[in-house]
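So this note's numbering is basically just the index in the sequence shown, starting at one, shifted up by 39. Every residue, glycine too, gets a C-beta built ideally from N, C-alpha and C. Bear in mind that the values here come from a model prediction, so they are computed numbers and not experimental data.
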Amino acid sequence: MRNKLLAILLMLPSLLLAQESDKAFHFLRLPYSSHAAALGGSNVSLPDDDIMLSMHNPALLANVSDNTLGLSYMTYISDSKVAGAAFSRMFGERSSAAIAARYIDYGSFDGYTPDNISTGSFSAKDIEIGLIYNYLLSDRWSGGVSGRFIYSKYESYSSVALGVDLGLNYFDEESDLSASLVLKNLGGQVKAFEDKTEKLPFDIQIGVTKRLAHAPIRLSATLVNLDKWSKDDFYNADGSEDSLGDLLLKHAVFGADFLIGENFRLSLGYNYRIGKELSAEGTKWDGLTAGAGLSLKRIKLAVSYSKLHISSSSLMFNASYAL
């Protein structure tokens, strides 16, 4: 490529999320729901009326109210901004569908040739547009599929891809137990940035959410990257090699909701992999997340805070309204 800055930009989401450098469209790993972001950044089993959760697992669309409009906004590293919107509708008693879109703006950059000659400023952006379909298989089981059109443009380089997510959810309302399996980012590039075709960041995730029987606390555990078990797939900021325990924990994301009354919650989460791989000397809170949510009759509001690194944190806001 014509300037080093562009190459860095292409790797930016990968560096921030500690993912593989041989894959593209790493922004697909960013959270859609501020509730999921508050619980460690990954959650596929929350049985809440949150339309943005259906972007994490299309099977969760079964829990969303009819004619719901959702909006999201997230601040990311440096001047990067992420905005999204979704709308859902029910079709009969068992089917529902939604349309969703997300836009990531990385701001403006100064470009230079290898001879350090300025080529002017350029912009960088990622866009995805998706359709989600959910079907109630039984009173407790639901399945869903989402397809998305993905477009990235960095300076004069652009790429197009098509992706698919497949999700399955089991929810027992009496015991307040939810469990899910999701295959994320199936598909591939239709148009590559250059001559080399890159892969989507495929991911297998399993999640469980359970409310305690005698306390207003709901616990979640999500296993991510279950298709990767080699030490070569992971690294640490200090250059150390993972032990077996570290390798297992890097697949785990933990979260807890503290339910205050019927309408308010506080959330805490921890993502071990982010805390281990993106930490810096002298820091203690890398990988920790927190958030809060307010649920009224038709309106739902949520906010989350994620500490990605000593030099970077993220705020995310969600709002939804049942029309």
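DSSP places ASP285 in the helix class (H, G or I) of the three-state scheme. Rounded to the nearest angstrom, the gap between the Cα atoms of THR107 and MET355 is 19 Å.
Straight across, the Cα-Cα distance linking GLU212 with VAL121 is about 34 Å. Taking the CA atoms as reference points, LEU92 sits about 23 Å from GLY227. Counting the other CB atoms within 10 Å of its CB gives THR248 a total of 16 or more, which places it among the buried residues. Between the stretch 140 to 158 and the stretch 175 to 182, the count of Cβ pairs shorter than 8 Å is below three; the stretches do not touch.
The beta-carbon separation of LEU216 and ILE245, rounded to 14 Å, does not stay under the 8 Å limit for a contact. Taking 8 Å as the upper bound for CB-CB distance, THR328 and GLY80 are in contact here, some 6 Å apart. Taken through DSSP and simplified to helix, strand or coil, GLU301 comes out as coil.
It is roughly 11 Å from the alpha-carbon of SER195 to the alpha-carbon of LYS164. Inclusion of ARG128 and ALA136 in the CB contact set at 8 Å is warranted, their separation being smaller than that value.
Each residue's CA atom was taken as its position, placing ARG133 and PHE148 some 48 Å apart. Nearest Cα to ASP285 within the set ILE313, PRO86, SER359, PHE130: ILE313. Taking 8 Å as the cut-off, the Cβ atoms of ALA124 and GLY109 count as close. ARG133 sits in coil when the DSSP states are folded into three classes, being neither helix nor strand. Here the C-alpha atom of HIS74 lies approximately 24 Å from the C-alpha atom of LEU225.
Apart from sequence neighbours up to five positions away, the residues of its chain that approach LEU85 with a beta-carbon distance below 6 Å are LEU92, THR248, ordered along the chain.
It is roughly 45 Å from the alpha-carbon of ASP325 to the alpha-carbon of GLY131. Around the beta-carbon of ARG187, 16 or more other beta-carbon atoms lie within 10 Å, marking it buried. The Cβ-Cβ distance between PHE66 and ILE143 falls below 8 Å.
Fully contained in the stretch 141 to 201 is no alpha helix (DSSP H) run of length 4 or more.
Across the structure, GLU316 and LYS289 are spaced so that their CA atoms are roughly 9 Å apart. Residue pairing for THR107: DSSP places it in a beta bridge opposite SER127, ALA361.
Close CB contacts of SER162 within its chain, under the 7 Å cut and outside five residues either way in sequence, are with SER147 (chain order). In the displayed model, ALA231 falls within coil according to three-state DSSP, outside both helix and strand.
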